[in-house]
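Heads up: the structure comes next, in C-alpha cells.
Residue numbers (my numbering), protein chains in the order written: chain A, -18 to 274; chain B, 38 to 237.
Structure (C-alpha cells):
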C-alpha cells in the first residue's frame, strides 16, 4: 500500500490472485444462503413459511438497527463493541430469514428487496424492537426481554420441518444465549449497584414491560407454521423473574400496550417510531436504486 | 468408491484446506472447522476416473462446502471467494462453493492443530469439548426444549491461561472483542491484555 487513502491504494493494488486489490470490488458472493437447498419441504405452505420468516427476520433486522445506533453513544468503548456485535448477530439472522422468505413465497425477492423496498405497514416485527433506545437501562431491559424470549423460541424452532429455518434457529439460539448473558450481567450490575442505578434500571424495566405481552400473542401464521408463542410465556417469565430477584428489582405489573382492534406489529400495525427508523435504514438504497460498490 | 476419485477428492481438499481465515490468518479454514466437505466429480456426466487414470483438475468439477461461524460473520463472502480462487489457481475449471448451515459451527470443530496455532499467536483458544465436559468446568449446560437454559448468574469460573506468560490469574474484560468470535481478556500476572476465542 503506497497511498495514504486506503480505498485509493486498494484500487491501484494488484487485484489477482491474492493482491489487496480484490478487497476494493467486493467478492461476488453476496447470498447469505449460497448454494443451500431452497426447496420448501412437502407439507409446508410456502406462503405461511415466508410470512413466518418475515416476522422473525423483521424482529432481528429492526432490533439490529436499534443496537447499532449505540455506536459512538455507549457509556464505554467496550459496550459499544458489544452492542454492535449483538446487532451484527441479529443482522446475520435477518439476512438469512429474509432471503428464506423471498424463496419460500416464490416471489424471488432478495434480502435487499425486502429490507429496503417494503413500506412500514408491510413490516411484521413486534413493537418491542422498534421502540427508541431510550437510556442505557431501557436498552438493556429491552435486550433482556427480547433475548430471553427469542432464545427460547429459537431453541424450540431448532427442530422445525424447514431445514433452513431450523438451521438459522439452531445457530441463533447459541448467539442469543450470549445476548441474554450480556443483558443479565448489566441488569445485575445496575439493579444491585447504587440506589440511583437501581432506580434507573427499574424505570427502564417498567417502561419496556408493556411491550412484552405481544411476544406471547399468537398470530394465525405462527400457529400454522411456527411455535405457539403463548407456550413460551411461562418459562420466559420464570427466567426473567430469576434475574430480577437476583438484581433486587421488582417485576413490573403493568398491562400490555393496547392494540388497534386486536392488530399489532405482526399485522403491520406499528408505533410511529418504525417509520422514522425505516427512513434512516432505507434512505441510501432508495436514493441510489441498484447501486453497487 | 473408485480409488482415483478418492485421491482427487483428497487433492482438492488439500488445496481448499490451505486457505487462511481472513480474520484469524494464522489458522486455515480446515483448522477452524469451517471447511465442511469437498467433493470431486468428473466434469460432465461421463465417469472417466479409474484407479489408473485419476480425474485431472482441469476435467474435474469441485464443490466445497463451508459452514459459517456466526450468523453475521462478515468474512463468509471473503472465505468463499478465497476458496474459489485457490481451487481455480490449482487448475480446477469447474468450481462451486456452497454454504452448509447444519450442523451449526461450534468451537468444538477447531482442530487440535488450530488450538495450538491460536495459542502460539497469543490468542487463548476455546476449551475443547472434552475439557468442557470435565468436572471442574463451570455450570450452565442448557437442556434442550422450550425452557430457556438455566442461567449462571455469577462470573465465569473456568480457568483461562494467559497465552503470553502462561499465568492463570486472568479476567474477562469484555465478552465481545474485535470480531464476533473473540472476547477480550487480561492477565494480572504479566499485565498484558489478550484475546480469546469465545466458546460457542
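Think of the CB as a built atom: it goes at the ideal place given N, C-alpha and C, for glycine as much as any other residue.
Query                                                                                                                       : Result
Which of helix, strand or coil DSSP assigns to residue 205 of chain B                                                       : coil
Proximity test, Cβ basis, 7 Å: residue 273 of chain A and chain B                                                           : no
Inter-residue spacing [alpha-carbon to alpha-carbon] between residue 116 of chain B and residue 99 of chain B               : 16 Å
8 Å contact criterion, which residue 160 of chain B and residue 231 of chain B should meet: CB distance rounded             : 7 Å
Residue from B/48, B/47, B/205, B/69 whose Cα sits closest to the Cα of residue 57 of chain B                               : B/69
Best match in B/224, B/210, B/146 for proximity to residue 103 of chain B [C-alpha to C-alpha]                              : B/146
Where residue 83 of chain A falls, given that 16 or more other Cβ within 10 Å makes a residue buried                        : buried
Interface flag, residue 160 of chain B vs chain A, CB-CB below 7 Å                                                          : no
Rounded straight-line distance, which links the Cα of residue 74 of chain B to that of residue 121 of chain B               : 14 Å
Residue 84 of chain A at chain B interface by Cβ criterion, 7 Å                                                             : no
Beta strand (DSSP E) segment containing residue 230 of chain B, residue limits                                              : 230 to 234
Range of the contiguous beta strand (DSSP E) that encloses residue 121 of chain B                                           : No beta strand (DSSP E) holds residue 121 of chain B; the alpha helix (DSSP H) holding it covers 113 to 126.
Meets three-Cβ-pair contact criterion under 8 Å: the stretch 253 to 262 of chain A and the stretch 40 to 50 of chain A      : yes
Contact set for residue 272 of chain A: own chain, Cβ-Cβ below 6 Å, skip 5 residues either direction                        : none
Against chain A: residues of the stretch 124 to 141 of chain B by CB proximity under 9 Å                                    : 125, 126, 133, 134, 135, 136, 137, 138, 139, 140, 141
Proximity winner among A/50, A/209, A/194, relative to residue 338 of chain A (alpha-carbon distances)                      : Lying outside -18 to 274, the shown extent of chain A, residue 338 of chain A is not represented and no answer is given.
Cutoff 6 Å; reference residue 268 of chain A; Cβ partners in own chain excluding five residues on either side               : none
Alpha carbon of residue 114 of chain B to alpha carbon of residue 67 of chain B, nearest angstrom                           : 16 Å
Proximity test, Cβ basis, 7 Å: residue 17 of chain A and chain B                                                            : yes
With 16 other Cβ atoms within 10 Å as the buried cut-off, status of residue 135 of chain A                                  : buried
For residue 227 of chain A, three-class secondary structure by DSSP                                                         : helix
At least three beta-carbon pairs within less than 8 Å, the stretch 203 to 218 of chain B to the stretch 52 to 67 of chain A : yes
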